[in-house]
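Heads up: the sequence shown begins at 44 in the working numbering, then just goes up one per residue. Backbone N, C-alpha and C fix where the C-beta goes; we use that ideal spot for every residue, glycine too. Remember, predicted model here, so these are calculated numbers, not experimental data. These notes are about the structure you will find just below.
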Amino acid sequence: MAIISLRQLLDHAAENNYGVPAFNVNNLEQIRAIMEGAYEMNSPVIVQASAGARKYAGPKFIKSMMEAAVDEFPSIPLVMHQDHGGSTDDCKKCIDLGFSSVMMDGSLLEDQKTPSDFEYNVKVTKETVEISHKLGVSVEGELGCLGSLETGMGEKEDGVGAEGVLSHEQLLTDPEEAVNFVNQTQVDALAIAIGTSHGAYKFTRPPTGDILAIERIKEIHKRIPNTHLVMHGSSSVPQDLLKIINDNGGNIKETYGVPVKEIQEGIKHGVRKVNIDTDLRLASTAAIRRHFVKDPAQFDPRKYLVETKDAMKRVVMNRLKEFGTAGNADKIKPLSLTVMASNYLSGTLSPKIN
Ligand code: 13P
């Protein structure tokens, strides 16, 4: 049994200067791709499910898939994380299902569309931390809203995300506010807004510092060096995958993601968790489109789904190598959530604010 808490994994990553990709899952092929990739790379990994995933697959299927992953790959430390919880209640439901980590996204109100204010965010996040830490479960909070510094628009995907135009202040996490937020909530990890957004359409050109604010990560990390930072919307949107999709009947417009070298720069400055969903979706779509163009008579799902799984696995292995996660699975001695709970209680895990 190697389900571990996000906090244990990110502490190890910080001590050893690496980052960890957090891959979203909805189905069997994705979870197999992630686990096989992590196993081949001797790598710990974070698997996360959003409300959309729980709705698509059903919460019990998601739970069972994650448990099966642990049973089949016992040597891989695995964090079961809830992505973008809309309320403390949402987080509680995932904890009851066996998740070892939750994200309380209080940057938006419970509708997960309307930007909230700082006081609301602190209140719901703190409440979630109090409940979770008693059980050894980790909490990720978010400060600032995901959205585009190019257009000023919030991002909305799968019905989740800020709606409409956002101010520059809302789109970039304020370092001073981050200090207050972590102090007041005691979150284990903090998602920050730096111009990234969910989905394939992040940037209309290869991003430069004005639209992808890596400098902001450095400023925040200087102020809260002991808090693990999280980059959301961090798919790289590989151009070769877009080409395969479009060469095989797809129609994805010109778009750019977050370059791996920018993520690596973030990792040098406190980024420990890197959220990736779109890249696996693109890999899977590219594989399936190519398969059907090559073999239009095919009707056995196992024949084309195995190709989607292998394509996703290649992305997984690349990111595990690129973020320095590979090679660390057997260096982590899993701590139970009960041990984590007593560590929180004794105060050894509180983020120390300088
Ligand atoms: P991408 O859409 O860039 O993969 O981001 C996923 C994410 O941040 C999930 O929370």
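Item	Value
Please look up how many angstroms separate the CB atoms of T168 and V145, rounded, as I've assumed it's under 8 angstroms.	That belief does not hold up - the Cβ atoms of T168 and V145 are roughly 11 angstroms apart, past 8 angstroms.
Taking 6 angstroms as the cut-off, does the CB of S379 come closer than this to any heavy atom belonging to the ligand 13P?	no
Is R315 helix, strand or coil when you go by DSSP?	strand
Go ahead and pull the three-state DSSP assignment for V301.	coil
What is the C-beta distance between L140 and I89, in whole angstroms, given that I count them as a contact (C-beta under 8 angstroms)?	Wrong, their Cβ atoms sit about 16 angstroms apart, outside the cutoff.
So is the beta-carbon of H124 under 6 angstroms away from any non-hydrogen atom of the ligand 13P?	no
Terminal residues of the continuous alpha helix (DSSP H) containing N226?	218-228
Taking the alpha helix (DSSP H) that G95 falls in, what are its first and last residues?	94-100
Out of curiosity, what's the CA-to-CA distance linking K245 and L121?	29 angstroms
In terms of alpha-carbon separation, which member of T298, K98, R50, T131 lies closest to V63?	R50
Would you mind working out which of S385, T216, D160, L363 sits nearest I257, comparing C-alpha positions?	T216
Closest to E115 by CA distance: which of S150, D126, K135, M78 is it?	M78
Would you kindly work out how many angstroms separate the C-alpha atoms of K316 and D126, rounded to a whole number?	12 angstroms
Take the Cβ of R345 as the centre, count every other Cβ of all protein chains shown within 10 Å, and call the residue buried at 16 or more, exposed below.	exposed
Leaving out the 5 sequence neighbours to the left and right, which residues in its chain are closer than 6 angstroms to N397 when beta-carbon positions are compared?	No answer about N397 holds up, because its pLDDT of 47 lies below 50 and its placement is not dependable.
Does the ligand 13P have even one heavy atom less than 6 angstroms from the beta-carbon of N70?	no
Measure from the C-beta of F161 to each C-beta in chain B and report whether the shortest distance is under 7 angstroms.	The structure shown contains no chain B, having only a single protein chain.
What does DSSP give as the partner residue(s) for A232 in the beta ladder?	E183, H271
Considering only the alpha carbon of each residue, which of I237, A243, R266 lies closest to G252?	I237
Going by Cα to Cα distance, which pick from G80, V68, E110, N67 is closest to I47?	E110
Quick check: V314 and L255, are their CB atoms within less than 7 angstroms of each other?	no
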